[in-house]
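See structure below.
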Amino acid sequence: MSETQQETLSFQTEVKQLLHLMIHSLYSNKEIFLRELISNASDACDKLRFQALKDDSLLSDDGDLAVTVEFDKDAGTVTINDNGIGMNRDDVIANLGTIAKSGTAEFLQNLTGDERKDSQLIGQFGVGFYSSFIVAQGVDVYTRKAGEPVENGVHWHSGGEGEFTLADIEKPERGTRIVLHLKPEETEFADGWRLRNLIRKYSDHISMPVRMLKENFEADEDGNTEEKAPEWETVNSATALWTRPKSEISDEEYQELYHHISHDFGDALTWSHNKVEGKLDYTSLLYIPKKAPFDMWNRERVRGLKLYVQRVFIMDDVEQFLPMYLRFTKGIVDSNDLPLNVSREILQSNDAIDSMRSALTKRVLDMLAKLAKKDPEGYQQFWDEFGQVLKEGPAEDPSNNEKIAKLLRFATTHTGEANQNQSLDDYIGRMKEGQDKIYYVAADSHQTAKNSPHLEVFRKKGIEVLLMSDRIDEWLMGYLREFDGKQFVDIARGDLDLGEIESEEDKEAEKKANDEHKPLLERLKTLLESEVEEVRMTNRLVDSPACIVVGQNDMGAQMRRIMEAAGQKVPDSKPIFELNPEHPLVQRLETESGEERFADLANILLEQARLAEGSHPKDAAGFVSRLNKLLLDMAQ
């Protein structure tokens, strides 16, 4: 096999880092290299079978798609060969020299140096081919793309360090052959029995046959053994796992299929295998991962389910089957109704797809509801990883609001902990007699929410409040208006409404305070006219002198800060400034006759209220100056 135009190229920087980290971090699970390479080879065969639907000449005279595994004990090699789609020179450079994933640099920054933790992260990244270097000191790849001339073959070689070489070769057969030159300490893998066991363990579910040569020996009349003529045998069952009855499939088999389709080295948290017959005829196998991928928050990341039509692989990452907020779901859909030549354009406007999307969305939500009921700890693990993604649901999928709301988890004043582990059903079960609303407060951090002055009257009356501190929370509550017939109420917005829990005496006391302190309120309104919309007395405060309240129809403070930080224009609005008539500082303010000192005290109270809600003082230097002046006056 002659080689021409050989050149040496450097790996992308990220590849170098990943190779080093992976070889050391995944060493304890080194046998997965075979699973990853067979999985890639199977995918290559699937892709060729799909391309051949449009152009059967790609199969030429070799329509028996398969993966073969060979070994040579003396040479210390393992070879994985497929007759699938293959690669040309550009494909090789793109697939074996770079990692075309957005967020790779950020991902590498998250690696800690702790091999156990890093192995989980690297597994989520999906390193595939590069796992070869866990056991190999050198790797050769010989490949030719289906439909291209024999002389367009490519030979790729690397020792897993900083460089790889490329050369043009003649390759009579299409597809890819990978030769692993095993490290001296890894020659255990150059063994037929070992390889067969690994194939049955990791790749039995793959619908593409994985073949090895039979190791047949016969004894002659004198008792000597001689090897028979080579004969290929299929080692795996080569049956699409999702087509088998659920009762015949073990958990281990389900998990191995998950590894194959997700390229996640960890196990799935739960799964749902379902066959639908009737108006539509399809099978789905959906998985919920245990860990979020490193680029979960990149909404442009590749996502979606694998699509098969009548057991024929059609395409990866079909987004149309599930809404964006369920993008963590992995799985397979195998339809008997869609045409074999279905395209992404057809998927965009197909009634059958719309019906399947609705049914699959409900299936994922039901799967999560079942997990929450039967395995609360497992569900909490899911929530800690994917809860913020699920919070996108009410805005994107209002038809399933009630189902999604049941799955949400919150921190509340009931526990005081930052852990989001309380459901809305839990909250309702603890509601005070006469309470008909669900109260919440949103802030930039749990600590700020927990210490919000708006909670004071609720603590006094023993009313539980949801403590929200995720960036998405205020946006979420704009779409989650009620649950189980009970309205959500932001306790830092508009007039305080405690319903039947608030006594007539409380209402009268608040009205009386506003009447009695009218001169003070008018004086403050004049002074702070450019800063606040209104100044009023309130009964929502117990220990604090003042607080900031957002107008009923105004943008909340948390959302305002997020939009401003992102450079977004926010609508003009001024908050309401509320005072506690029982607090000594407010009473002191009322007796102050000096205009300068009155202004200093009033501005200090306003800036304190801004700080308490998580905002910064508008005039930080002025606030410090006034506060220092007040402290000096007290010291004299």
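Per full-length UniProt numbering, the sequence shown starts with residue 1, numbered consecutively.
Heads up, the beta-carbon is just placed ideally off N, CA and C, and yes, glycines get one too.
Just so you know, these numbers come straight off a predicted model, no measurement behind them.
Query: Runs of beta strand (DSSP E) wholly within the segment 476–510 (minimum 3 residues, chain order); Result: 486–490
Query: Alpha-carbon to alpha-carbon, P184 and A136; Result: 9 Å
Query: Rounded C-alpha distance that separates Q255 from L269; Result: 9 Å
Query: Residues that DSSP places opposite G331 in a beta bridge; Result: L286
Query: Length-filtered (3 minimum) beta strand (DSSP E) runs lying within the UniProt domain "Histidine kinase/HSP90-like ATPase" (29–186); Result: 67–72, 77–82, 136–144, 153–158, 163–169 and 175–182
Query: Assigned secondary structure, L601 (DSSP; H/G/I helix, E/B strand, else coil); Result: helix
Query: Buried/exposed call for S247, threshold 16 Cβ in 10 Å; Result: exposed
Query: Residue closest to Q447, alpha-carbon to alpha-carbon, out of K275, G614, A190 and K73; Result: G614
Query: Cβ pair count under 8 Å reaching 3, the segment 411–431 against the segment 580–592; Result: no
Query: Between the CA atoms of F328 and W242 - distance to the nearest angstrom; Result: 20 Å
Query: is_contact[E613, chain B] using C-beta, thresh 8 Å; Result: Among the chains in the structure shown there is no chain B, since it carries only a single protein chain.
Query: Any 3 or more C-beta pairs closer than 8 Å across the segment 482–498 and the segment 435–447; Result: yes
Query: Alpha carbon of R493 to alpha carbon of F483, nearest angstrom; Result: 19 Å
Query: Proximal residues to T361 (C-beta, below 8 Å), its chain only, five neighbours per side dropped; Result: L322, P323, L326, D397 and N400
Query: Close-in-space but distant-in-sequence residues of the same chain around V342 (CB under 7 Å, 5 per side omitted); Result: V309 and I314
Query: DSSP three-state assignment for W297, whether helix, strand or coil; Result: coil
Query: Validate contact between the segment 31–50 and the segment 186–203 using beta carbons, cut 8 Å, 3 pairs; Result: yes
Query: Sequence-distant residues of the same chain with beta carbon closer than 6 Å to T283, five excluded per side; Result: W242, K275 and D334
Query: At least three beta-carbon pairs within less than 8 Å, the segment 511–519 to the segment 428–438; Result: no
Query: Residues that I438 bridges to, as DSSP identifies them; Result: F488
Query: Chain-order list of residues whose beta-carbon lies under 8 Å from that of R357 (same chain, five-residue window excluded); Result: Q320, F321, L322 and P323
Query: R35 versus D426 - alpha carbon distance; Result: 44 Å
Query: Nonlocal neighbours in the same chain, by C-beta distance under 8 Å from W475, ignoring five residues either side; Result: A395 and M559
Query: Cβ contact check for the segment 78–87 and the segment 165–179: 3 or more pairs under 8 Å; Result: yes
Query: Own chain, CB closer than 7 Å to L58, minus 5 neighbours either side, in chain order; Result: L48, Q51, A52, A146 and G147
Query: C-alpha gap between E595 and H454, whole angstroms; Result: 29 Å
Query: Rounded distance between the beta-carbons of N40 and residue 641, thought under 8 Å; Result: Nothing about residue 641 can be reported from this structure: the residues present for the chain run from 1 to 636 only.
Query: With 16 other Cβ atoms within 10 Å as the buried cut-off, status of S503; Result: exposed
Query: Three-state secondary structure (DSSP) of A268; Result: strand
Query: N-terminal and C-terminal residue of the beta strand (DSSP E) that K431 is part of; Result: The residue asked about is misnamed: residue 431 is Met in this sequence, not Lys. It is not in any beta strand (DSSP E) - M431 carries neither H nor E in the DSSP assignment.
Query: Buried versus exposed call for D61 [16 or more other C-beta atoms within 10 Å across all chains shown]; Result: exposed
Query: Identified DSSP bridge partners for E7; Result: L166
Query: Inter-residue CB distance, F386 and A292 (contact presumed, cutoff 8 Å); Result: 6 Å
Query: Nearest-angstrom Cα separation, counted from A405 out to S237; Result: 43 Å
Query: Beta-carbon gap between K574 and V535 smaller than 8 Å; Result: no
Query: Three-way DSSP call (helix, strand, coil) for Q420 in this model; Result: coil
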